[in-house]
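**Q** Here it is, the structure in full.
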Amino acid sequence: MELLTLLIVLLLSLGAGLLVQWLPMRHQPIATYPQRAPFLGGGTPDSHAWSRYHVRYYPMTLLLIAFEMEMMFMYPWAVVFVEKGMMAVMEMGMFLAILSVGIVYAWREGVFKWQ
Amino acid sequence: MAVNWLRKLASHKRAPVFPVLGKQGDKALRYLALSPEIELVDSPRHASVLLIAGEVPADRLEPLRRVHDQLPDPFTTLWFRNEPWPHLENVDRIDDLTDLPAALTKAHRELMTGQRDSGCRILSDRPPNPWKGEGDFGQGGEGMMGGVPYGRPMAMNMQEDISDGLTLDSLTFRLGPFFMAFPPGMAAEVTLQGDLVQSWETQLEPYPQRLDAVFFNARKHPVPIAEIELARARHHLQRLYHALHLAGLEALSLSSLRLAHGLSTSSTLDGLRRRLVRSGFFHLAAVGGGLLNTEQARQFGGPAARAAGLADDLRSHDAGYRRLGFSPVCQNGGGVSARWKQILDEVEQSLMLARQAERDEVYTNDVDCIETPRGPWDEQPPEDASAILDEILPGLEWGDALATIASLDIAAVADRGGGTQSPGESRAVQGGSGNVVK
Numbered sequence: 001m002e003l004l005t006l007l008i009v010l011l012l013s014l015g016a017g018l019l020v021q022w023l024p025m026r027h028q029p030i031a032t033y034p035q036r037a038p039f040l041g042g043g044t045p046d047s048h049a050w051s052r053y054h055v056r057y058y059p060m061t062l063l064l065i066a067f068e069m070e071m072m073f074m075y076p077w078a079v080v081f082v083e084k085g086m087m088a089v090m091e092m093g094m095f096l097a098i099l100s101v102g103i104v105y106a107w108r109e110g111v112f113k114w115q
Numbered sequence: 001m002a003v004n005w006l007r008k009l010a011s012h013k014r015a016p017v018f019p020v021l022g023k024q025g026d027k028a029l030r031y032l033a034l035s036p037e038i039e040l041v042d043s044p045r046h047a048s049v050l051l052i053a054g055e056v057p058a059d060r061l062e063p064l065r066r067v068h069d070q071l072p073d074p075f076t077t078l079w080f081r082n083e084p085w086p087h088l089e090n091v092d093r094i095d096d097l098t099d100l101p102a103a104l105t106k107a108h109r110e111l112m113t114g115q116r117d118s119g120c121r122i123l124s125d126r127p128p129n130p131w132k133g134e135g136d137f138g139q140g141g142e143g144m145m146g147g148v149p150y151g152r153p154m155a156m157n158m159q160e161d162i163s164d165g166l167t168l169d170s171l172t173f174r175l176g177p178f179f180m181a182f183p184p185g186m187a188a189e190v191t192l193q194g195d196l197v198q199s200w201e202t203q204l205e206p207y208p209q210r211l212d213a214v215f216f217n218a219r220k221h222p223v224p225i226a227e228i229e230l231a232r233a234r235h236h237l238q239r240l241y242h243a244l245h246l247a248g249l250e251a252l253s254l255s256s257l258r259l260a261h262g263l264s265t266s267s268t269l270d271g272l273r274r275r276l277v278r279s280g281f282f283h284l285a286a287v288g289g290g291l292l293n294t295e296q297a298r299q300f301g302g303p304a305a306r307a308a309g310l311a312d313d314l315r316s317h318d319a320g321y322r323r324l325g326f327s328p329v330c331q332n333g334g335g336v337s338a339r340w341k342q343i344l345d346e347v348e349q350s351l352m353l354a355r356q357a358e359r360d361e362v363y364t365n366d367v368d369c370i371e372t373p374r375g376p377w378d379e380q381p382p383e384d385a386s387a388i389l390d391e392i393l394p395g396l397e398w399g400d401a402l403a404t405i406a407s408l409d410i411a412a413v414a415d416r417g418g419g420t421q422s423p424g425e426s427r428a429v430q431g432g433s434g435n436v437v438k
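Quick note, the sequences are listed as chains C and A, same order.
Position 35, counted from 1, in the first sequence is what full-length UniProt numbering calls 35; the numbers after and before it change by one each time, with no gaps.
Position 396, counted from 1, in the second sequence is what full-length UniProt numbering calls 396; the numbers after and before it change by one each time, with no gaps.
Following this line, the structure appears as structure tokens:
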């Protein structure tokens, strides 16, 4: 019964979404090919714009993930640290050592140099 | 045509206008920028009215057709000082600049309320490259890279990397001549690798610019230095307007334009300069590049050369200017930031010279060689310098490249004066009138 209710809610929300899109578009003619071309101030492209692109914030993202993962594991580790003792310290040491390789790599990539 | 409530609402908003600039069309652009009822947009996709301002040369008609067909329905066109194409129906021609905002608003309202039909398309509704049914499975092409979807090839890694060893796909396209970040009329073939300019070839030079008539008069007879310096400051402020608009500092760009339109010997630059510094304009990443070497700076001449430390200024040789104690101001940098600092310093200097010259009634002395805001004019007026972009832009990031173009005054100077203007238009362009220029 719950699944059926969920399905009805899903269909209703999908229908409402499609209706809101269809209502203003129902009198609009389909865009012509020249209208759909990318705007280049009157110029023309040679190829599709879908290309491999340099995501310049990528190293910064890498660093964020490295630090975030570290903190994510340190909270539960702090809870079991008293119980596990030295073993927990060693395990966390190994984890941090592996993580620091990522940070060293990011350093080499110039992530600390702001462009 | 059914008119829904959205269109009724849209008819009350400011008219979104995409300007296509022909020769001398930039005056209309600056006039409309200060019109409260007009919203100038940078892409035809956001416009309901296409304004063709000024005469468009024959070699730019094909790009104009392409831009015309990129406006979404409903749209219309309005021709300013240009004859509409005969096959277009229900389009207006306007010749008086002061009538332009009202005509654009009227066209937009009529379009939105259904009193005016949408314009007709010019180009045929066919894919730019045939693709339907091509290939073994009708997928649009063939080849190891997955074919040519919709008839156009995918970007490929065709050229060596010039930056950081990260080889990316090269994207080649032609941009302009109606691209807002370029000087009017300029077009270039650009190859980008990611956001890096890999190659740049200027294909169409920008239209020659017509300077204020006082510079042409100064070539014939001595003119008041106050008048020529105000015209110089106005020219620089109008260029600053375009650069600030490109940087997204819209309010500041309009302030610069208002200052240019209402410029007099009592005007000061302090407020605008303070706001520019506070806005962080000089600290934008894109303003940090665009360095010219000495030879390139000399080729540009004028403020670009002085921003690179070359103290070349024909005003130094003029007896009238020497009487006012003139000496050229210079910077050391030679980059985009140095050029804008130079422009601000020159505007300030021009205002100071204008005040002194007005008080002492000083006239220019030399007529055979004058310093225009674009550069020195001795035997020939300053020539087009767009070809130098081919040397200086490769290797820059896209944002740096656009900021560099905006900081350089590259268009040639036409050897004729500012053209004919009605008295009302002259008031509007120079100092503003009525409710349009605030």
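Think of the CB as a built atom: it goes at the ideal place given N, C-alpha and C, for glycine as much as any other residue.
Just the C-alpha distance for residue 437 (chain A) and residue 33 (chain C), rounded to the nearest angstrom, thanks.
**A** Confidence at residue 437 (chain A) is low in this model, with a pLDDT of 31, below 50, so its placement is unreliable and no value can be given for it.
**Q** Beta carbon of residue 381 (chain A), beta carbon of residue 354 (chain A): below 9 Å?
**A** No.
**Q** Is the distance from the Cβ of residue 95 (chain C) to the Cβ of residue 73 (chain C) below 9 Å?
**A** yes
**Q** Mind checking which residues open and close the beta strand (DSSP E) that includes residue 19 (chain A)?
**A** 15-21
**Q** Would you please verify whether the beta carbon of residue 176 (chain A) is less than 9 Å from any beta carbon of chain C?
**A** yes
**Q** Have a look at A:315, A:48, A:40 and A:395 and flag the residue whose alpha-carbon is nearest the alpha-carbon of residue 191 (chain A).
**A** A:395
**Q** Spatial neighbours of residue 27 (chain C) within its chain, please: CB distance less than 8 Å, with the 5 preceding and 5 following residues excluded, ordered by chain position.
**A** none
**Q** Residues of the region 39-63 of chain C with a CB closer than 8 Å to any CB of chain A: list them in chain order, please.
**A** 39, 40, 41, 42, 43, 44, 45, 46, 47, 48, 49, 50, 51, 52, 53, 54 and 56
**Q** Do you know offhand how far residue 43 (chain C)'s Cα is from residue 46 (chain A)'s?
**A** 18 Å
**Q** Hey, residue 95 (chain A) and residue 103 (chain A) are a contact pair by Cβ (cut 8 Å); roughly how many whole angstroms apart?
**A** Rounded, the Cβ-Cβ distance is 11 Å, inconsistent with contact.
**Q** Beta-carbon within less than 8 Å of residue 83 (chain A)'s beta-carbon, same chain only, minus the 5 sequence neighbours each way: which residues are those?
**A** 93
**Q** Could you check which residue in C:2, C:45, C:52 and C:104 has the C-alpha nearest to that of residue 60 (chain C)?
**A** Relative to the Cα of residue 60 (chain C), the nearest Cα in the group C:2, C:45, C:52 and C:104 belongs to C:104.
**Q** Helix, strand or coil, according to DSSP, for residue 264 (chain A) in the structure here?
**A** coil
**Q** Against chain C, with Cβ distances strictly below 9 Å, would residue 78 (chain A) count as a contact?
**A** no
**Q** Of the residues C:52, C:31 and C:63, which one's Cα is nearest the Cα of residue 75 (chain A)?
**A** C:31
**Q** How should residue 58 (chain C) be labelled, buried or exposed, when 16 other C-beta atoms within 10 angstroms of its C-beta is the threshold for buried?
**A** exposed
**Q** Name the chain C residues that come within less than 8 Å of residue 172 (chain A), Cβ to Cβ?
**A** 45, 46 and 47
**Q** When you compare the region 386-393 of chain A with the region 237-257 of chain A, are there three or more beta-carbon pairs, one atom per stretch, that lie closer than 8 Å?
**A** no
**Q** For residue 264 (chain A) and residue 347 (chain A), I'd like the C-alpha separation in whole angstroms.
**A** 12 Å
**Q** For residue 181 (chain A), I'd like the list of residues in its chain whose CB is within less than 8 Å of its CB, leaving aside the five on either flank, ordered along the chain.
**A** 246, 402, 405 and 406
**Q** Round the Cβ separation of residue 307 (chain A) and residue 334 (chain A) to the nearest angstrom and send it over; I've been treating them as touching at under 8 Å.
**A** 6 Å
**Q** Taking 9 Å as the CB-CB limit, is residue 62 (chain A) close to chain C?
**A** yes
**Q** Verify the CB distance criterion: does residue 35 (chain C) have a CB-CB separation below 9 Å to chain A?
**A** yes
**Q** With DSSP as the reference, label residue 52 (chain A) as helix, strand or coil.
**A** In the structure shown, residue 52 (chain A) sits in a strand (DSSP, three-state: E or B).
**Q** Spatial neighbours of residue 300 (chain A) within its chain, please: C-beta separation below 8 Å, excluding the five flanking residues on both sides.
**A** Answer for residue 300 (chain A): 292, 375, 385, 388, 408, 409 and 410, listed in chain order.
**Q** For chain A, check one thing: does any of its Cβ atoms lie closer than 9 Å to the Cβ of residue 31 (chain C)?
**A** yes
**Q** Could you check if residue 368 (chain A) is buried or exposed, using at least 16 other CB atoms within 10 Å of its CB as the buried criterion?
**A** exposed
**Q** If I measure Cβ to Cβ from residue 526 (chain A) and keep anything under 7 Å in the same chain, skipping five residues before and after, which residues do I get?
**A** Any question about residue 526 (chain A) goes unanswered here, given that chain A covers just 1 to 438.
**Q** Here's the rule I'm using: 16 or more other beta-carbon atoms within 10 Å means buried, otherwise exposed. How should residue 144 (chain A) be labelled?
**A** Annotation note: pLDDT 48 at residue 144 (chain A) (below 50); position unreliable, coordinate value reported separately. Residue 144 (chain A) is exposed by the Cβ-count criterion.
**Q** Does the Cβ-Cβ distance between residue 63 (chain A) and residue 173 (chain A) come in under 9 Å?
**A** no
**Q** Would residue 214 (chain A) pass as an interface residue toward chain C - the criterion being a Cβ-Cβ separation below 9 Å?
**A** Answer no: the Cβ-Cβ gap between residue 214 (chain A) and chain C never drops below 9 Å.
**Q** How far does the alpha helix (DSSP H) with residue 101 (chain C) in it reach, from first residue to last?
**A** 86-108
**Q** Work out the CA separation of residue 52 (chain A) and residue 88 (chain A) for me, nearest whole Å.
**A** 13 Å
**Q** Smallest Cα separation from residue 29 (chain A): which of A:149, A:302 and A:239?
**A** Out of A:149, A:302 and A:239, A:239 has the C-alpha closest to the C-alpha of residue 29 (chain A).
**Q** Between residue 197 (chain A) and residue 161 (chain A), what straight-line distance do the alpha-carbon atoms span, to the nearest angstrom?
**A** Rounded to whole angstroms, residue 197 (chain A) to residue 161 (chain A) spans 11 Å at the Cα level.
**Q** Would you kindly report the start and end of the unbroken alpha helix (DSSP H) that includes residue 116 (chain A)?
**A** Segment: none, residue 116 (chain A) is in no alpha helix (DSSP H) and carries neither H nor E.
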